[in-house]
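In this text, residue positions in the sequence shown follow my numbering: the first is 382, and each later residue adds one. Beta carbons are placed, not taken as given, at the ideal position from N, Cα and C, and that holds for glycine.
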Amino acid sequence: MTKEPEPLDWARDLARAWVETETFQEAGVFEPRHSVRLPVLQPFRRRASTMRARLFKDNTNLLWGLLTLADATGETRWRDAVDRWLEGFVRHFYGAGLPFSFLDRDLNGYEPTLKAAFSALDLLTDLHDAGVGEGRALDLARETAAVWLDLQWPSGLFPAAPGAEYDHLDANVDL
382 MTKEPEPLDW ARDLARAWVE TETFQEAGVF EPRHSVRLPV LQPFRRRAST MRARLFKDNT
442 NLLWGLLTLA DATGETRWRD AVDRWLEGFV RHFYGAGLPF SFLDRDLNGY EPTLKAAFSA
502 LDLLTDLHDA GVGEGRALDL ARETAAVWLD LQWPSGLFPA APGAEYDHLD ANVDL
């Protein structure tokens with residue numbers, strides 16, 4: 382990431398907008414925002430949807446951005462946000478080695494999938510490498526890997542979800 386002040390200021394502004402959302406403050410996770418300029422619309426969007434948050438992209442990409450911003454600026458605020466997110470991940474997206482793809486309106490996780498497992502493993506190992514969570518991220522990654530290794534088929538592929546009779550080739554390649 383650049384050390385130039387103007388792009389860092391833009392990154393700070395974007396990150397601040399996300400970490401100051403009601404959902405992140407209360408639950409430590411990020412939900413899609415359909416109107417940044419009109420946050421008053423967010424509760425209406427939430428009531429119209431059964432899915433409140435998604436692990437892949439909505440949370441993972443933003444976390445990598447926060448990690449990069451924390452590293453580039455040295456500002457503890459962003460590292461604290463990453464720590465808060467890890468707590469929220471465990472509370473809402475993590476199901477004993479079966480990370481959930483989505484959170485419902487009440488922030489209950491549902492649909493554990495291979496894609497969610499890969500996303501979680503990728504991010505958790507990066508968090509560990511960055512020194513986040515005092516080993517907790519690595520423990521979660523190991524538990525996730527162990528659960529999914531037990532689900533692996535004799536062919537070497539993994540099911541798209543626990544109990545599924547089909548695979549997801551892209552997620553298998555990623556994993």
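The stretch 485-499 makes contact with the stretch 542-550; the number of CB pairs closer than 8 Å reaches 3 or more. For Thr454, the CB contacts under 8 Å within the same chain, skipping 5 residues up- and downstream, are Leu389 and Arg393 in chain order. Following the DSSP letters along the chain, one finds Gly446 inside the alpha helix (DSSP H) bounded by residues Thr441 to Thr454.
Shown here for Gly478: same chain residues with a beta carbon closer than 7 Å to its own, the five before and five after excluded, namely Glu524, Thr525, Ala527 and Val528 in chain order. For Leu484, the beta-bridge partners assigned by DSSP are Ala434 and Gly490.
DSSP lists Asp548 as the beta-bridge partner residues of Pro540.
CA-to-CA, the gap between Thr506 and Glu385 works out to about 29 Å. Put simply, the backbone Cα of Arg414 is about 15 Å away from that of Thr431.
Looking only at Val400, Val471, Ser482 and Phe470, the smallest Cα-Cα distance to Ala552 is reached by Ser482. Under the three-state reduction of DSSP, Gln533 is assigned to coil, being neither helix nor strand.
In the assembly as shown, Pro535 is an exposed residue. Its beta-carbon has fewer than 16 other beta-carbons within 10 Å.
Listed in chain order, the non-local C-beta contacts of Ala522 below 6 Å within the same chain comprise Leu502, Leu505 and Thr506, local neighbours out to five positions each way being set aside. Looking from the CA of Arg517, the closest CA among Glu468, Gly537, Arg435 and Glu403 belongs to Glu468. In the three-state scheme derived from DSSP, where H, G and I count as helix and E and B as strand, Lys496 is classed as helix. In this chain, the alpha helix (DSSP H) harbouring Phe405 covers Glu403 to Ala408.
In the displayed model, Pro413 falls within coil according to three-state DSSP, outside both helix and strand.
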